[in-house]
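What follows is a set of notes on a single structure, which appears directly below.
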Amino acid sequence: MDWNNPFIHVGMMLLAITIAFTVVMMIVAYTVLAERRVLAFIQGRLGPNRVGYGGMLQPLADLLKFIFKEDIVPDKSTRFVYFLAPIVATVAALMTIIVYPFGPDVYVPFLGTIKLVITRLDVGLLYVLGITSVGVYGIALAGWSSNNKYSLMGGLRASSQLISYELSLGLSLIGVILMSGTLDLYSIVEQQSSWYGFKWNIIPQFIGFVVYLISAIAETNRVPFDLPEAETELVAGFHTEYSAMKFALFFMAEYVNMFTVSMLATTLFLGGWNGPFVEQVPWLGPIYFLGKVIFFLFLYIWLRGTLPRFRFDQLMNFGWKFLLPLAILNIILTATLMFFDVPLFRFR
Amino acid sequence: MLALLFLLFGGLAIGCAVSMVVQRNPLYSAISLIGVFISLASLYVMLAAPFIAAVQIIVYAGAIMVLVVFVIMLLNVEEEERRRTRLRYLVPTAMALAAILIAEAAFIFYFVGAQRSPQDPSTSDVGLTSSIGTGLFTKYLLPFEITSILLLMAIVGAMTLARRAAIVGPLARVIPGAQSLPRHRVDGEATSDATQIRTTSTAEASRLLQVDESRRSVEKE
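Protein chains in written order, with our numbering: chain G, 25 to 372; chain X, 113 to 333.
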């Protein structure tokens, strides 16, 4: 097949994006179901188990309900921004999917050997961070345009929280970048292959991993950092005035964000698609990758069932006075150990 | 294909820039400016400078504009009224400057552009991460370090300005009796610490809050 033909190239790209989009949407839908079921089991309930076998068709029923619900737009809202906000949130959440490598080179009948990554960017990691930082606008603008005090408080809380935790999130990744010397996610995964998992970045970069994990939970507005939508104080926070499909877009954006930060954690710290026998059977790669991502998603649900919510001043103090110094300490430590050529910290 | 994309993003950038100037609502102007930054980043990608594009998005669209939007939301700035009378002299100035800009663009387009054979952007490595990093830490090390010191000074300056000098205003009075005060009311450096501090008497509370005891007693009489 002629890969240099621009029409074939663009066509294959669109096909790959469509497949990735479908897979992500399926996983998101079933993460919502899994969250409801697992939370129910943690709390000694059964959860939704009526639609389909064990509730397996519940996401479809939810979707139908969202589509047919009445769409209410507040009378005094700023209409243009009010419609723009959920679009920004969802688009920003979905745009990062294209850079994650989810498998090694595999052989596909009729197509030959292909790479299981949609696009390899020289600045893949920066692209992810940039798009994530644009996602704040969706929440902030939603809070402002609804013309509702609870929405506005939720929007303000969300923006200050996201700005604060974005710093420690970005700094926690510097250690990995220092060691791998590239921003290309595909190369970072390849560097972690072989040696039975001892080359995974989680071992030398354990502090970075912990800081990343905590900041990522705050970035996705999840319990225990879900202050922007604290229902006891703010009704539903920034999406109080949103109904029907527009609310569903915010809901979807939150779960897609959970999925993408889990993919980033897997790619950078847990060796991406690497695992036993992946050299012999390349198709194991995507399975390992998804398995690791699902582990993180389960961790999110588990935390939600376990931890109470922070107070806002505790949240800010924790972010600025604990996580940020810890991330900077990790950078200094990594750089020093690399300078003295300590075995685990050798430049790759 | 590239020309089409260039027209799309270039047109988007110009449209957003015009919208930013024309809009009367400051938040709409801010959103238009974000649109300008994002379309500029797309243009950088097409010029084979992905690093600069990513930094453009992270720094301008992701950090600076978030702060601008945050402040507009926090202050709830109203739509500004048009003040044609005060800004009348600016119209001819702007027109003259625009004429100079268009003349410059035309000059580059016809004279400079004709002399040089255009370089294929895909073969250049100017915008790649590694070449920018190498340049910053070898050839341009001194300007880089000076910039970092400038930024550090800006941070220190911002922190000094943001520190509250007085905890309460000159007209404040203390509620009589024992009470518990959140720490950020008492300590000027704790901005958001709500830990409760218990006081046993009016005198202790006024000492903590630095309220003038003598004035209070004068008012009592």
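Glycine is no exception: its CB is placed at the ideal position from the N, C-alpha and C atoms. Please read these numbers as outputs of a predicted model, since none were measured by experiment.
At a cut-off of 7 Å, the C-beta of G/A289 has no neighbouring C-beta in chain X. If you compare the alpha carbons of G/V141, G/L63, G/V62 and G/A109 with that of X/Y140, the shortest gap goes to G/A109.
By alpha-carbon distance to G/L81, the top candidate from G/Y189, G/F274, G/L292 and G/L57 is G/L57. Our two residues, G/V62 and X/L114, have alpha carbons roughly 49 Å apart in a direct line. G/D129 is positioned such that its CB atom lies no closer than 7 Å to that of G/T120. Check the Cα spacing between G/G194 and each of X/F182, X/L262, X/G174 and X/A165: the tightest is with X/G174.
Using a 10 angstroms sphere on the CB of G/H263, the tally of other CB atoms reaches 16 or more, which defines it as buried. Checking the DSSP bridge columns, you'll see X/P294 partnered with X/Q308. About 7 Å separates the beta carbons of G/Y161 and X/V181, which is inside the 8 Å limit, making them a contact pair. Closest option to G/K345, judged by alpha-carbon separation, among G/R370, G/P332, G/L308 and G/S192: G/S192. About 6 Å separates the beta carbon of G/Y324 from that of G/M282, a gap short enough to meet the 8 Å contact definition. In this structure, X/A125 sits near X/L152, with a CB-CB distance shorter than 7 Å. A residue is called buried once 16 or more other Cβ atoms fall within 10 Å of its Cβ, and X/G247, having fewer, is exposed.
Taking 7 Å as the cut-off, the beta carbon of X/I164 is found no closer than this to the beta carbon of G/G154.
By the 16-neighbour rule on beta-carbons within 10 angstroms, G/I163 is buried.
Taking a C-beta distance under 7 Å as the contact criterion, G/Y106 and G/S157 do not qualify as a contact pair. Taking a beta-carbon distance threshold of 7 Å, X/G127 does not count as an interface residue toward chain G. In the three-state DSSP reduction, G/G136 falls in the strand class (E or B).
DSSP places X/Y201 outside both helix and strand once states are collapsed to three, so it counts as coil. Bridge pairing for G/G127: G/L140 [DSSP]. When Cβ-Cβ separations below 7 Å define contact, X/V178 makes contact with chain G.
The beta carbon of G/V130 sits no closer than 7 Å to any beta carbon of chain X.
For X/V178, the three-state secondary structure derived from DSSP is helix. A Cβ-Cβ distance of about 6 Å is found for the pair G/L292 and G/L197, placing them in contact under the 8 Å criterion. Shown here, G/Q229 sits in coil according to DSSP, grouped into three states, outside any helix or strand.
Our two residues, G/D337 and G/F249, have alpha carbons roughly 12 Å apart in a direct line.
In this structure, DSSP gives G/L357 a helical state, which the three-state scheme calls helix.
Interface annotation, G/L207: in contact with chain X, CB-CB separation under 7 Å. Here G/V34 carries a helix assignment [DSSP, helix/strand/coil]. G/Y210 places its beta carbon less than 7 Å from that of G/P125. Within its own chain, the residues whose Cβ lies closer than 7 Å to the Cβ of X/T241, once the five positions on either side in sequence are excluded, are F163, listed in chain order.
Excluding the 5 residues flanking it on each side, G/A40 has same chain C-beta neighbours closer than 7 Å at I142, in chain order. Counting every other CB atom within 10 Å of its CB across the protein chains shown gives G/Q229 a total of 16 or more, marking it as buried. In the three-state reduction of the DSSP assignment, G/I187 falls in the helix class, which pools H, G and I. Look at G/D250 here: in three-state DSSP terms it is coil, with no helix or strand label. The three-state secondary structure of G/E303, taken from DSSP, is coil.
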